[in-house]
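A.B. asks: If you scroll down you'll find the structure; I have some questions about it.
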Amino acid sequence: MFVSGDDHRFLTIRDNSTMTLIETAFATCPSPAASGSEDIEHLVISIKNTDQKVMVPARPTEQWLKDNTTLEPVEIWDYETDGYVYKDEINAMTRGEHEFPGCHVGLIANEASLRELNQRLAKKGADEITVERFRPNIIVRGKDEENDEDTAPGAWSEDSWKRVRIVNKPNSGFLSTALGSNAVDIDVQARCARCQVPNVNPETAEKNQHEPWDTLVSYRRIDEGIKWKPCFGMLSVPRADGHIAVGMRFEVLETTENHKYMKGF
591 MFVSGDDHRF LTIRDNSTMT LIETAFATCP SPAASGSEDI EHLVISIKNT
641 DQKVMVPARP TEQWLKDNTT LEPVEIWDYE TDGYVYKDEI NAMTRGEHEF
691 PGCHVGLIAN EASLRELNQR LAKKGADEIT VERFRPNIIV RGKDEENDED
741 TAPGAWSEDS WKRVRIVNKP NSGFLSTALG SNAVDIDVQA RCARCQVPNV
791 NPETAEKNQH EPWDTLVSYR RIDEGIKWKP CFGMLSVPRA DGHIAVGMRF
841 EVLETTENHK YMKGF
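The numbering used here applies: residue 591 is where the sequence shown begins, and numbers increase by one.
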């Protein structure tokens with residue numbers, strides 16, 4: 591989610607599918623505004639398939655904020671909050687925007703569930719889709735249904751997850767050396783009720799008028815708290831800071847049958 595520099599109201603991919611082409615990443619490099627050679631972590635915002643790029647400090651100092659921004663009210667959903675807005679002289683050169691999470695800080699997706707959905711799409715003659723359509727930041731390798739010995743989570747088993755853990759595998763080489771062996775415990779708080787954003791191809795920003803929405807609606811309106819929307823993925827919040835990386839082990843610690851979506855925006 592981004593905030594407009596014109597009226598300070600939030601902008602969302604739900605209303606403007608071309609925002610799919612926006613990419614974000616963290617990078618450590620010398621600050622363009624600093625005379626020294628010290629490397630600083632930046633948030634880099636770019637537009638796919640173009641040279642357009644905006645870079646801002648990931649952790650700006652009070653002095654940087656004072657020199658470059660003013661504190662003004664901005665609207666996020668239906669609420670007004672404070673936002674640091676670039677000063678006019680900076681906006682004359684480039685447009686600065688602020689990004690906020692869409693709902694929760696974590697969205698967990700299960701590859702087994704995606705495979706099951708793609709099987710349904712294929713039967714209808716529709717193209718298969720990738721997990722990027724759902725924009726998760728944690729992807730779990732799901733169970734291979736053709737392998738009876740596979741103990742990975744089965745399709746849609748995430749519906750009942752309550753608390754999960756991500757931890758380095760024993761003797762995992764580089765991961766153990768670089769990140770240590772500390773586990774990250776995550777509270778799974780709700781199913782993710784979907785809008786039609788997954789209908790948008792993240793590579794082209796083109797929106798399919800039917801899929802995967804139509805298929806999901808046909809069998810994934812399962813949450814009593816929001817019956818009119820289909821669910822894919824689980825909204826979650828980590829209990830503490832930590833590092834995760836591809837290849838770590840995923841564990842389900844607690845389950846529940848009482849998940850019920852509570853609409854908050």
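Backbone N, C-alpha and C fix where the C-beta goes; we use that ideal spot for every residue, glycine too.
Excluding the 5 residues flanking VAL807 on each side, which residues of the same chain have their C-beta closer than 6 Å to its C-beta?
C.D. replies: Taken in chain order, the residues that qualify are PRO820.
A.B. asks: So what does SER636 bridge to, in DSSP terms?
C.D. replies: According to DSSP, SER636 bridges with GLU613 and LYS643.
A.B. asks: Could you tell me the alpha carbon to alpha carbon distance between GLU689 and VAL664, rounded to whole angstroms?
C.D. replies: Here GLU689 scores only 39 on pLDDT, less than 50, and its place in the model is too uncertain to base an answer on.
A.B. asks: So what's LYS797 in DSSP terms, helix, strand or just coil?
C.D. replies: In the structure shown, LYS797 sits in a strand (DSSP, three-state: E or B).
A.B. asks: Is the CB of MET645 under 8 Å away from at least one CB in chain C?
C.D. replies: In the displayed structure, chain C is absent; only one protein chain is listed.
A.B. asks: Helix, strand or coil for GLN779 per DSSP?
C.D. replies: Residue state, collapsed to three classes: strand.
A.B. asks: Let me know if TRP818 comes out buried or exposed under the rule of 16 or more other beta-carbons within 10 Å of its beta-carbon.
C.D. replies: Its Cβ having fewer than 16 others within 10 Å, TRP818 is exposed.
A.B. asks: Does PHE822 pass the burial test, meaning 16 or more other C-beta atoms within 10 Å, or should it be called exposed?
C.D. replies: By the 10 Å Cβ count, PHE822 comes out buried.
A.B. asks: Tell me which residue opens and which closes the alpha helix (DSSP H) that ASN658 is part of.
C.D. replies: Per DSSP, ASN658 belongs to the alpha helix (DSSP H) from 652-658.
A.B. asks: Am I right that ASP777 and VAL827 are in contact with their C-beta atoms under 8 Å? What's the rounded C-beta distance?
C.D. replies: Between VAL827 and ASP777 the Cβ distance is about 5 Å, and since that is below 8 Å, they are a contact.
A.B. asks: Give me, in chain order, the residues of the same chain whose beta-carbon lies closer than 7 Å to that of THR845; leave out the 5 immediate sequence neighbours on both sides.
C.D. replies: So the list reads SER750, TRP751 and LYS752, once near-sequence residues are dropped.
A.B. asks: So, helix, strand or coil for SER826, using DSSP?
C.D. replies: In this structure, SER826 counts as strand in the three-state DSSP scheme.
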